[in-house]
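Some notes on the structure that comes next.
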Amino acid sequence: MCGIVGYVGKNKQALHVLIEGLKALEYRGYDSSGVAFLNNNKIQIIKEKGKIHNLEVKIDFSVTSNLGIGHTRWATHGEPSQINAHPHKVGKITLVHNGIIENYEELKLVLKESGYSFISETDTEVACALIDKLYNEKNDILKVMDKCRNLIRGSYAFAILVDDIDDKLFVMRKDSPLIIALGNDENYVASDVPAILKFTNRYILLNNNEMAVLTSDSVKVYKDSNTIIKKDIDTFEWDMEAAMKNGYEHYMLKEINEEPEVVYNTIYNLIKNGSEELSSIFPDFSKYKKIDIVACGSAYHAGLIGKTLIEKYGDIPVNVEVASEYRYKKLFYNNRTLVIIISQSGETADSLAALRIAKEHDVDTLAIVNVVGSSIAREAKYVLYTKAGVEIAVATTKAYSSQLAVLSLIALSMINNDDNFDNFVSDCQKLETQMTNLIKKHNVYRDIALEIYQKNDIFFLGRGIDYALAMEGSLKLKEISYLHSEAYPAGELKHGTISLIEKDTPVIAIATDETLNEKIISNIKEVKARGASVILLTTSKLNKVGDYYDYKIVVDDNNELLQSLLTIIPLQLLSYEVAKLKGCDIDKPRNLAKSVTVE
Ligand code: F6R
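Counted from 1, the sequence shown has number 1126 at position 304 by our numbering; the numbering is strictly sequential.
Okay, here's the thing in structure tokens:
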């Protein structure tokens, strides 16, 4: 998740501010970083792959500069590398960018015809060239920024330096956050509060489609190149920790709220160039007759959902195993087996061991990983990255959802049909809003949490894909609220476990699969008849009035490939609310570590 910081001022050395600001943004995750600064009337750029330390050691901090921009990059277009790192410079324009420019391929073609050539694979360099081209024509940067808003599709926060303007910093944004922070005889720009909190706590929030010009002693915000807007100055009351949580009480809640965006980013990153790109990024799945998915915890649960989708759409048998078991069991590999390892951290010892076993047998391996450059990402034959950004809460939420998104795309790629692809793309657009609306229904989750948080045991029921979701819902509840729960395939309960159901035992029944709906309703009636208090989680399409539930949560319908991304949200938020009512340490549950690097 990229970060921006910028400085114009009389009191401090820009390079010092930029590096301090970038370090404060490290928690967002990044794979390269860079700065551009004005020195002796010339803009200099230094950028490096990897940690900010790699950049820092290349900088001569005795160089004086009062104007500069800095960036941490989390790769979207083009691999993590020094060339793809920001800032980018084309002609007279130097800029850093957060967001995704969706029509960059089209723009690139037009710019190439006008004589521009490109050295990086990024969408950002294209934006930089576009601004340079327009600036050469108009020679008025505000008018150029204004015009760009009509030409660029997608999301962006830009901080821009112009070669022949040595005392101004220009910024603009759409759908990517940007704030302007105010000092004395100095002003700052940042994508995120922590970047400037060390220097000032007074700020202006830049709204969508606004542009601004900063000098050391003035900030002017524009609606268009002729209209200045009067903005309120606010004050941050948060300390650094609170700022990193972006106002949320816990990282887990912040990360759940990020799910719509990271799922979009994960999917967009893989489909941005159409269905053909999918087949070039993914291994040729038609080569394989059998797939083993191996993972731990929530990643294993994501794998179970992947199995259902891949078997249905790809018609390939999929075996899903917990890595700690897989590594010691007899394996039935052949030369048409693919092993998929799913891991947020890319460092989980058992998952890494399973990967190495597959490699020792010369079996193809594909890693679905969040952390770029992690051991599993480095060692697997093929890698698909989830774009969840850094996940700080120990209990995974947004990384799990991003794993589901990649698995859906794998299943989609196996259908190999343009109509399905187009439907999927439009369903993804719908999904972002549906997820956001579902997250907002806090009161619903809170009310149900109030009913169950003092119970001793809770049961989660589901069938098919809903059983895999039940397992994840149950794990979430256990790990953060310490409330005992069990997930069961709904049809299996009567073979023993139903003896545990008594008056008011909470049962969370997940029913989103139309083909199994009547079956699960019968199973729900079985527990209801024994006194259970049933919380039904279903979809709009299957929603009907009945006397077999006590509470109901209804999620919107979407493409079967994407439905789980909606269904999981109430389960995550319910666990969160229960843990909160119980006063648990939500972000750091007892006995758990974020990355389990021991066997
Ligand atoms: C649960 C959770 C764990 C992880 C598991 C695998 O909320 O976070 O169950 O999913 O430890 O970790 P990764 O995905 O890093 O391999």
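Think of the CB as a built atom: it goes at the ideal place given N, C-alpha and C, for glycine as much as any other residue.
Non-local beta-carbon contacts of I1163 in its own chain, meaning distances under 6 Å to residues more than five positions away in sequence, involve V1116, S1173, L1177, A1189, I1198 in chain order.
With a cut-off of 7 Å, the C-beta of T1170 is classified as near ligand 1, since at least one heavy atom of the ligand falls inside that distance. By the Cβ neighbour-count rule, S1101 is exposed, with fewer than 16 other Cβ atoms within 10 Å of its own. Per DSSP, the beta bridge partners of A981 are V918, V993.
The closest heavy atom of ligand 1 lies less than 7 Å from the beta carbon of L1297. Beta-bridge annotation (DSSP): Y829 is paired with G890, Y1010. Here DSSP, grouped into helix, strand and coil, assigns D1184 to coil. Looking at the DSSP output, K1374 shares a beta bridge with L1358.
For a cut-off of 8 Å, the C-beta gap from V993 to V1011 is around 5 Å, short enough to register as a contact.
Distances from the CA of D1326 to each of I1332, E1340, V1349 were compared; the closest alpha carbon is that of V1349. Sequence-distant Cβ neighbours of T1419 in its own chain, meaning closer than 6 Å and more than five residues away, are E1169, A1171. Taken in chain order, the complete beta strand (DSSP E) segments of 3 residues or longer contained in the stretch 1052 to 1122 are 1112 to 1117. For D1288, the enclosing alpha helix (DSSP H) covers residues 1287 to 1303. Only residues of its own chain outside the window of five on either side were considered, and among them V1216 have a CB closer than 6 Å to the CB of K1416, listed in chain order. Proximity to N925 across G913, T916, V912, T944 peaks at T944, based on C-alpha coordinates. Here S1223 is not near I1375, since their CB atoms are 8 Å or more apart. When the Cα atoms are used, E1083 and G1318 turn out to be separated by approximately 42 Å. Within the stretch 849 to 884, the complete alpha helix (DSSP H) segments at least 4 residues long are 874 to 878, listed from N- to C-terminus. In the structure shown, the three-state DSSP call for T1130 is helix. For R1158, the secondary structure class from DSSP, reduced to helix, strand or coil, is coil. The stretch 998 to 1012 makes no contact with the stretch 924 to 938: fewer than 3 CB pairs, one atom from each, lie closer than 8 Å.
Within the DSSP bridge table, the entry for G1284 names P1311 as partners. Annotation for N972: the continuous alpha helix (DSSP H) segment containing it runs 963 to 973. Separation of T1360 and A979 (C-alpha to C-alpha, rounded to the nearest whole angstrom) is 38 Å. Of all alpha-carbon atoms in D1056, Q1276, Y1310, V1041, the one lying nearest the alpha-carbon of G1284 is that of Y1310. Q1166 has its Cβ nearer than 7 Å to a heavy atom of ligand 1.
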